[in-house]
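Enquirer: Mind looking over this structure? Questions follow.
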Amino acid sequence: MEAILKNLGNTVEVLAVSQTVFVNEWDNQTVVRAFQWARYCEQVYTRFHTTPSIRAALETRLNQTNERLAETFSGYRFLTLSDLAQCQHRLFAGLLRNPVVPLSVIKSLFDKFPSFEDGGSPDEQSNETDSDLIGFIRRRSACDILCSLAVERKESCGLSRASQVQGKLLLQRIEAVQCRPDNDSYARTLLDSFLQDSGGLGNFSEVIAAALLSGYREDATAQDFLLNWLQGHRDVLHSMCQSLQPALCTKLSQQCPTFKLIYWDSLKKWASSLEYNVSDQVWVQKCSNAVSFKSVADRVKSLWSSGSPLKEEMEKDLEVLKQTDGDFEVHGLSVWTDLEELHYIFND
Amino acid sequence: MTAPSELQLSFWMDKAVKWGQATTPSAQQDMSKHLGSLRSFLQQLLHTLQLTVTSSAVKSLPFVGQFLGRLCWNPYVTADGESCSLLLQCVCCLYSAEPRNALEQRANDWIRNLLCHLTSAEEGGVIYALERFAGIAPHHCSSQALQKMVALLTEEVSVSCSPAVHSLDRCLCDSIHAVSVACVPLITCPEAAPLIGALLKRRISCGCSHLSEEFIEAVSTALLSKTLVLEDMAVIALWCHSLSSLEGAVLSLLESVLSDPGAVLQRLEEVVSSSFLPKASAQHCCIFLIVNDVFRNVLMAMEENVAVGALIQVFTSCFLRSHSAQKQQERLPLRAFFPHVPQNLLTPLLTEPSEVPRQAWLEHVSWIGRLLHSMSREADQVEEKGDSPRALFEAWFLLAQRGHWVDVAAELLVSVDAEQSEPLLCLLTFYHHPTDRGHQSSQQIMAAREAWGRMRILFLAHTLPPERLSSMNKLLSSATSANLLLRLLLSFAIFCPAFTSTAVKVLTQAELKRRAEWLLASAWHRLSRGGALDAALQDRLRALQDSLLPEHISRCT
């Protein structure tokens, strides 16, 4: 085990050096060896990352190495355990970006783009080699083309195809980690870093929504786990309530009781924060970034239109709220009266 | 290869600008049409760049960097394997090993950035986050993402076509056409195969579905070169959809048999089955009819070609096997596949020799021989009235398809007496000389009878005088019915144990040897299929086959 840890530490050091000026001393032989070590690290990761005891040891060693490297190289970025799965790619990208890399090394990187004849036979394409960069570029481009195609999609509730795919990948990963015992906290950490890397809640919300709605699987353990994680991340849930399309929120409310509670709570909070402007005879929000009456109304309408049981639950709730407010039947006094009225208009 | 002209470059530069990042359907449509010529142009450009240094390339082809750069940002180009590879090789050519000036230095930096863009996701995006999160290498991640994307679209394409949805909503043919255009560069991407299959199959359930021509062409080419593997139903849908694709598949099979007969000979059945044509024919009558139309035309043009004969015979056997393997309620009656053949001839010829008891063979084949003889005579009379003898031609073609019975006739001729031989010789003569009529036909039968008589004496004699050998040699090389005689000779050689070596001495000419090889291969096929290939027969067949090999090979073995 100690040998593995030592090799891991060394490889992480090699990766760090590849991004510094010291790389100008590298020759092709060094690069070949560096890629071999990177591949070794990937294998170590694949083999052990779901085994809690070994993972802990790997993480400890990784962090120690990270800290030492941060002291040596200014601007050093910590490597996470998941990063080990893509060591070769990181090495490749790091070298490409490093301006002091010797020319012969750059040329050897170009050789990793095999010519079509060499890498293009169907057998080799399916039997992925680590240097099959053409295949990699092709598949990414293929995804780009396919995700923008406009085929009518009733089932998607406004979710982009890309989000749906990402949602599925997310679930798949959670499942893969969870199928081994004692990995819950690891899976949580992974989701935390995913959230951090996603560049804003907006992008993230769609992917989470897609994951929650993904397929009608018999085993919803991964989805339950995701919901459970979301409950600890109210900010994400609120962002989802606010940024996702009404139809999508309705669908989520139908499938996930937890989401429904939070969504309905948010709608109530938004509605109760509105004020009636007597001169214009409209409900307005107190500050510009609050949610408008129209937006709340659209969401409520969408919930109603989904039928039982959401419709009945909403009606009951709204009736109670209206009564608490004084049970008025006139416009502009209680936001609940006005929302309920919409319901009747809508039903006519 | 000549260097691209400035005019060419400016044409392609215009195209690259117009295409942009291939986001609009019209841009994709235009690209699908130009993808092939773009590949050739990139090949030409690569050749030129390999011979020049960067700064002079930039001088002689001023937009080359911009052109390549634009294409690198166009996923439609980078999704096509060959274009992507050529493009990257071109870009790498522009990299200066020892930059001599600021221009070359800038070019180097630009190339590195371009390659980074192509191989790494942008930080701060979901794709980047997901790649880090996924715990697998990015290329595995991209493969899984593509598989899932394809699965989604496959579902959308298939669902949007179910009859119930179709009748309520407007048809989605426009978007289906756009999907087929988008798939043109993805044809050889193994992950995309389910989507390509779904598009093809949609054609069956939705009559007005319209797939792009370029898509059909690319799929047909990739199928033939085996760079695309599709499920059976999708291939059938393609062939039903595109006549040229089906014809292409038949011609490619013919070509593989004709261009390299030596390699194909021993595994003819395997080659035929792997073309998937017999199975598709059994499931779709119209495919069978078209395939046979092609065969019919080829056979008419190359009447005496034994290789084509053997191919058609094996194809038909494979077809019949696939047909009988289908469920009873799903299969069409065989009658539908042979609409113009006289009914009374169909069943006896479609029956396998192995399904008829051996002692009944003579009666069976004689009956066929007599029927064909009388059909032929009737046709003579009809022809005099000016009608074309369609039924007779179809009967002949069926006989060619079921050549096993011709072999059986030749086999029986080894052991029958003169009286019994008559209908068998008629059958053989009709098979080899279908267009001979009246007097000519009688003459051919007479010649066959005479040759048969001579062969019998030759093979039954205990010693073999050299003059007999040479006269047989002469007969084989000069007679108008060389193939008929060759078939007879081989039959004697296979079934007359003592005289296998006699045939070897007779078969000296290269051309005769080649034809003999095919006839032996088809005999081997029939005998092994019928379970009649005992050890002794196998030895003789092998001895004959070995004797036909070129001398240097037989000496080595």
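Chains S and V supply the protein sequences, listed in that same order.
Residue 58 is where the first sequence starts when you use our numbering, and the numbers rise one by one after that.
Residue 120 is where the second sequence starts when you use our numbering, and the numbers rise one by one after that.
Just so you know, even glycine gets a beta-carbon here, dropped at the ideal spot from N, CA and C.
Quick caveat, the model's predicted, so the values are computed rather than measured.
(1) Between which two residues does the beta strand (DSSP E) carrying Leu141(S) extend?
(2) Does any C-beta atom of chain S lie closer than 8 Å to the C-beta of Arg568(V)?
(3) Below 8 Å on the Cβ atoms is my guess for Arg415(V) versus Phe516(V); work out the distance and round it to an integer in Å.
(4) Could you tell me if Leu390(S) is buried or exposed, where buried requires 16 or more neighbouring beta carbons within 10 angstroms of its beta carbon?
(5) In the DSSP assignment, find the beta strand (DSSP E) that holds Glu263(S) and state where it starts and stops.
(6) From the DSSP output, in three-state form, read off Leu652(V) for me.
(7) Taking only three categories from DSSP, how would you classify Tyr133(S)?
(8) Could you tell me which chain V residues have their CB closer than 9 Å to the CB of Val293(S), listed as they occur along the chain?
(9) Terminal residues of the continuous alpha helix (DSSP H) containing Pro413(V)?
(10) Looking at the C-beta of Thr238(V), does it have a partner C-beta in chain S at a distance below 8 Å?
(11) How about Leu166(S) and Phe193(S): are their beta carbons less than 8 Å apart?
(12) Which residues mark the beginning and the end of the alpha helix (DSSP H) in which Glu389(V) is found?
(13) Using alpha carbons as the reference points, say which of Leu465(V), Ala498(V), Ser159(V) lies closest to Trp524(V).
(14) Indicate whether at least one CB of chain V lies closer than 8 Å to the CB of Cys200(S).
(15) By the three-class DSSP mapping on this structure, what secondary structure does Leu577(V) have?
(16) So what's Ser286(V) in DSSP terms, helix, strand or just coil?
(17) Look at the alpha carbon of Ser330(S) and the alpha carbon of Ala141(V), and state the distance between them as a whole number of angstroms.
(18) Helix, strand or coil: which one does DSSP assign to Val276(V)?
(19) For the alpha helix (DSSP H) containing Val69(S), name the first residue and the last one.
(20) What is the DSSP secondary structure of Ser178(S), counted as helix, strand or coil?
(21) Less than 8 Å between CB atoms is the rule here; does Gln169(V) satisfy it with respect to chain S?
(22) Out of Cys214(S), Gln221(S), Val69(S), point me to the one whose CA is closest to Thr137(S)'s CA.
(23) Could you confirm whether any beta carbon from chain V is found closer than 8 Å to the beta carbon of Phe105(S)?
(24) Strictly below 7 Å CB to CB, what residues from chain V border Ser255(S)?
(25) For a test of the three-state rule: what should DSSP assign to Glu423(V), helix, strand or coil?
(26) I'd like the span of the alpha helix (DSSP H) that includes Tyr333(S), first residue to last.
(27) What whole-angstrom Cβ distance do Ser359(S) and Pro303(S) have, given they're in contact under 8 Å?
(28) Report yes if the C-beta distance between Leu141(S) and Cys214(S) is below 8 Å; otherwise report no.
(29) Closer than 8 Å by beta-carbon distance: list the chain V residues that pair up with Gln145(S), in chain order.
(30) Report yes or no: do three or more beta-carbon pairs, one from the stretch 306 to 313 of chain S and one from the stretch 263 to 271 of chain S, lie closer than 8 Å?
(31) Comparing the C-beta of Leu234(V) with each C-beta of chain S, is any distance below 8 Å?
(32) What's the C-alpha gap between Val269(V) and Ala240(V)?
(33) Checking the sheet assignment: what are the DSSP bridge partners for Trp340(S)?
(34) Which bits of chain S does Arg189(V) rub up against, with CB to CB less than 8 Å?
(35) Using the three-state DSSP reduction, which class does Thr186(S) fall into: helix, strand or coil?
(36) Would you verify that the beta carbon of Met120(V) is, or is not, closer than 8 Å to some beta carbon of chain S?
Expert: According to the structure shown:
(1) The residue given as residue 141(S) occupies position 84 in the first sequence. Looking at the DSSP string, Leu141(S) is not in any beta strand (DSSP E), and its letter there is neither H nor E.
(2) For this step, residue 568(V) is matched to residue 449 along the second sequence. Taking Cβ atoms only, chain S never reaches closer than 8 Å to Arg568(V), which makes this a no.
(3) Numbered from its first residue, the second sequence carries residue 415(V) at position 296. Numbered from its first residue, the second sequence carries residue 516(V) at position 397. Indeed they touch by this definition, with Cβ atoms about 6 Å apart.
(4) Along the first sequence, one-based indexing puts residue 390(S) at 333. Leu390(S) comes out exposed.
(5) For this step, residue 263(S) is matched to residue 206 along the first sequence. Taken as a continuous stretch (DSSP letters only), Glu263(S) belongs to no beta strand (DSSP E), being part of the alpha helix (DSSP H) at 258 to 270.
(6) For the purposes of this step, residue 652(V) is taken as residue 533 along the second sequence, with counting starting at 1. It is coil, neither helix nor strand.
(7) Position 76 of the first sequence holds residue 133(S). Three-state result, Tyr133(S): coil.
(8) Along the first sequence, read from residue 1 onward, the residue named residue 293(S) stands at position 236. Chain V residues near Val293(S): none, gap ~14 Å exceeds 9 Å.
(9) Numbered from its first residue, the second sequence carries residue 413(V) at position 294. The question names Pro, but residue 413(V) in the sequence shown is Val. It spans 404 to 420 - the alpha helix (DSSP H) in which Val413(V) sits, taken as one unbroken run.
(10) Here residue 238(V) refers to the residue found at position 119 of the second sequence. Yes, contact with chain S.
(11) In the first sequence, counting from the first residue as 1, residue 166(S) sits at position 109. In the first sequence, counting from the first residue as 1, residue 193(S) sits at position 136. The answer is no: Cβ separation not under 8 Å.
(12) On the second sequence, residue 389(V) is found 270 positions in, with the first residue counted as 1. Segment 387 to 393, the alpha helix (DSSP H) holding Glu389(V).
(13) Taking the second sequence and counting its residues from 1, the one referred to as residue 524(V) is at position 405. Closest option to Trp524(V), Cα to Cα, is Leu465(V).
(14) Here residue 200(S) is taken as the residue at index 143 of the first sequence, counted from 1. Judged by the 8 Å Cβ criterion, Cys200(S) is in contact with chain V.
(15) In the second sequence, counting from the first residue as 1, residue 577(V) sits at position 458. It is helical.
(16) Reading the second sequence from its first residue, position 167 is the one you call residue 286(V). Any reading at Ser286(V) must be qualified, since the residue scores a pLDDT of 49, below 50, and its modelled position is unreliable; the value itself is stated next. Three-state DSSP puts Ser286(V) in a helix.
(17) Position 273 of the first sequence, counted from the start, is the residue given in the question as residue 330(S). Position 22 of the second sequence, counted from the start, is the residue given in the question as residue 141(V). Taking the straight line joining both Cα atoms gives about 46 Å.
(18) As a working mapping, residue 276(V) is identified with position 157 in the second sequence. Reduced to three states, the DSSP call for Val276(V) is helix.
(19) Mapped onto the first sequence, residue 69(S) falls at position 12. It spans 59 to 74 - the alpha helix (DSSP H) in which Val69(S) sits, taken as one unbroken run.
(20) In the first sequence, the residue the question calls residue 178(S) occupies position 121. Since pLDDT at Ser178(S) reaches only 37, below the 50 mark, its modelled position is unreliable, and no value is offered.
(21) Against the second sequence, residue 169(V) aligns to sequence position 50. False, the Cβ-Cβ gap to chain S never drops below 8 Å.
(22) Working through the first sequence from its first residue, we reach residue 137(S) at position 80. Nearest of Cys214(S), Gln221(S), Val69(S) to Thr137(S), Cα basis: Val69(S).
(23) Within the first sequence, numbered from 1, the residue matching residue 105(S) stands at position 48. By this cut-off, Phe105(S) is not an interface position.
(24) Residue 255(S) sits at position 198 when you count from the first residue of the first sequence. Near Ser255(S) (Cβ distances below 7 Å), the residues of chain V are Val245, Ala248.
(25) By 1-based counting over the second sequence, the position of residue 423(V) is 304. In the structure shown, Glu423(V) sits in coil (DSSP, three-state: anything other than H, G, I, E or B).
(26) Start at 1 with the first residue of the first sequence, and residue 333(S) comes out as number 276. Looking at the DSSP string, Tyr333(S) is not in any alpha helix (DSSP H); the run it does join, the beta strand (DSSP E), is 331 to 334.
(27) Along the first sequence, read from residue 1 onward, the residue named residue 359(S) stands at position 302. Along the first sequence, read from residue 1 onward, the residue named residue 303(S) stands at position 246. Correct: roughly 4 Å between the Cβ atoms.
(28) For the purposes of this step, residue 141(S) is taken as the residue at position 84 of the first sequence. For the purposes of this step, residue 214(S) is taken as the residue at position 157 of the first sequence. No. Outside cutoff.
(29) By 1-based counting over the first sequence, the position of residue 145(S) is 88. What Gln145(S) touches in chain V: Ala256.
(30) yes
(31) Against the second sequence, residue 234(V) aligns to sequence position 115. For Leu234(V), the answer is yes, since a Cβ of chain S falls inside 8 Å of its Cβ.
(32) Residue 269(V) sits at position 150 when you count from the first residue of the second sequence. Residue 240(V) sits at position 121 when you count from the first residue of the second sequence. Approximately 20 Å between the Cα atoms of the pair.
(33) Along the first sequence, one-based indexing puts residue 340(S) at 283. Partner(s): Tyr333(S).
(34) Reading the second sequence from its first residue, position 70 is the one you call residue 189(V). Result: empty, since nearest Cβ-Cβ is about 14 Å, beyond 8 Å.
(35) For the purposes of this step, residue 186(S) is taken as residue 129 along the first sequence, with counting starting at 1. With a pLDDT of 40 at Thr186(S), under the threshold of 50, the predicted position of this residue should be treated as unreliable, though the coordinate-derived value follows. Here Thr186(S) sits in coil by DSSP.
(36) By one-based count along the second sequence, residue 120(V) stands at place 1. False, the Cβ-Cβ gap to chain S never drops below 8 Å.
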